[in-house]
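Count along the sequence shown starting at 1, add 126, and that's the number in my numbering.
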Amino acid sequence: MDRRLTTRGAQRRRQLIAFATRRFAERGYHPTSVAEIVAGVGVGKGVFYWYFASKDALFLEILREAQHDLRRRQSEAIEGASTPVERIERGVRASMEWSAANRDLLTLIHFAATEEAFAPAIRKGEEVAVADAARHIRDAMSEGEVPEADAELLAHAMLGVAGHLARTYLHERRRDTAVVADAAVAFCLGGVLGPRPAARPAAGSSTRPPARSSAPAMGEPATGEPAVTAPAAGVSRAL
127 MDRRLTTRGA QRRRQLIAFA TRRFAERGYH PTSVAEIVAG VGVGKGVFYW YFASKDALFL
187 EILREAQHDL RRRQSEAIEG ASTPVERIER GVRASMEWSA ANRDLLTLIH FAATEEAFAP
247 AIRKGEEVAV ADAARHIRDA MSEGEVPEAD AELLAHAMLG VAGHLARTYL HERRRDTAVV
307 ADAAVAFCLG GVLGPRPAAR PAAGSSTRPP ARSSAPAMGE PATGEPAVTA PAAGVSRAL
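Here is the structure:
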């Protein structure tokens, strides 16, 4: 419902959205009534229906604003990135940080995906996210940063991983945001996009590996077996 709002009107609308978001996340969408929302804000039902045609309309607006805010956060994060892979890395990290900072909205998004009335709005947002990610992946392929593959398939895989980690480790288990973001980035860059192509040797240079010293390298066990490293080791703090 589009209306020209005064400063006070816009503030009242924000109050309704903020209170409803908290109450929907705490008690559930269906158990929460319009009467409960207006009582919590201290206004009458007439005020509610001035801004929203129905409780469904209010919930859809909450979802729309959440998706818009997440995309804005991602856009800000990738600004200034020098390569497509760095944009991907920064975007993934921004998504995880947004999820950790907006747990109530994450609860509502997960609920909405299972409801016939709201699932189309979630799918529309996912389509936009997949298109954004696939574009960056194609750019990375064009620049030789990652192997050629189905960019849309990889985009779906990346978003699936990020979504599952956000739901399980940030929302339900309340794990450290940086640790979960590192894991998401490491998987998306290493597990999904694959290793970056090795640089070609200069003309006339030897392709034989250098002779190996009998002494173990730094960080390598004396047995000669490779050292085990954390999945996110060496991953820059970008997307």
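Even for Gly, the Cβ is constructed at its ideal location relative to N, Cα and C. The model shown is predicted, which means the values in this text are computed figures rather than measured ones.
Rounded C-alpha distance that separates residue i from residue j
| i | j | result |
| --- | --- | --- |
| Leu231 | Ala136 | 20 Å |
| Arg264 | Asp308 | 23 Å |
| Ala283 | Ser268 | 20 Å |
| Ala341 | Val306 | Model confidence at Ala341 stands at a pLDDT of 40, short of 50, so the residue's coordinates are unreliable; what they give is reported in the following sentence. In a straight line, the C-alpha of Ala341 is about 36 Å away from that of Val306. |
| Glu162 | Arg138 | 16 Å |
| Val173 | Arg140 | 12 Å |
| Arg148 | Ala266 | 40 Å |
| Tyr175 | Ala304 | 41 Å |
| Ala277 | Ala288 | 16 Å |
| Gly366 | Val164 | The chain is shown only over 127 to 365; residue 366 falls outside these bounds and no answer can be derived. |
| Arg249 | Gly168 | 34 Å |
| Asp302 | Ala247 | 30 Å |
| Tyr91 | Leu285 | Since the first residue shown for the chain is 127 and the last is 365, residue 91 is missing from the structure and cannot be characterised. |
| Arg190 | Arg300 | 25 Å |
Nearest neighbour of residue i, chosen from the options [CA to CA]
| i | options | result |
| --- | --- | --- |
| Arg293 | Arg229, Ala203, Ile188 | Arg229 |
| Gln193 | Arg261, Ala238, Val311, Phe178 | Ala238 |
| Phe150 | Leu186, Val169, Trp176 | Leu186 |
| Phe313 | Leu291, Arg301, Leu296, Glu298 | Leu291 |
| Ala259 | Val169, Glu241, Leu279, Ala165 | Leu279 |
| Val318 | Ser159, Leu189, Ala275 | Ala275 |
| Val131 | Phe178, Ala165, Ser159 | A small correction: the amino acid at residue 131 is Leu; Val does not occupy that position in the sequence shown. Checking every option, the nearest Cα to that of Leu131 belongs to Phe178. |
| His262 | His297, Ala281, Glu252 | Ala281 |
| Glu298 | Ala226, Thr240, Gly316, Gly251 | Ala226 |
| Thr233 | Ile188, Ala310, Glu252 | Ile188 |
| Ser159 | Ala146, Pro246, Gly168 | Ala146 |
| Pro273 | Leu315, Leu285, Val311, Asp302 | Leu315 |
| Ile214 | Glu152, Pro157, Leu142, Val256 | Val256 |
Any non-hydrogen atom of the ligand COA within 6 Å of residue i CB
| i | result |
| --- | --- |
| Arg299 | For the structure depicted, the ligand COA is absent and the ligand set is empty, with no information on it obtainable. |
Beta-carbon contacts of residue i that lie in its chain and below 7 Å, excluding the five residues immediately before and after
| i | result |
| --- | --- |
| Arg199 | Ala220, Trp224 |
| Glu271 | Thr209, Pro210, Val211, Arg322 |
| Ala310 | Val218, Met222, Val287, Ala288, Leu291 |
| His236 | Arg293 |
8 Å CB neighbourhood of residue i in its chain, flanking five on each side removed
| i | result |
| --- | --- |
| Ala144 | none |
| Ala243 | Asp182 |
Neighbourhood of residue i by C-beta distance below 6 Å, restricted to the same chain and skipping five residues each side
| i | result |
| --- | --- |
| Leu196 | Trp224 |
| Thr133 | none |
| Gly166 | Phe145 |
| Gly154 | none |
| Gly251 | Gln193 |
| Ser339 | For Ser339, the pLDDT reaches just 42, beneath the cut-off of 50, and the residue's location in the model is therefore unreliable, although a value from the coordinates is still provided. Cβ within range, chain order: n/a, list empty. |
CB contact check: residue i to chain B, cutoff 7 Å
| i | result |
| --- | --- |
| Ile263 | In the structure shown, chain B cannot be found, because there is only a single protein chain. |
**Item:** Length-filtered (4 minimum) alpha helix (DSSP H) runs lying within the stretch 249-313
**Value:** 277-291, 303-312
**Message:** Could you tell me which whole alpha helix (DSSP H) segments of length 4 or greater appear in the stretch 151-211?
**Reply:** 160-167, 171-177, 181-204
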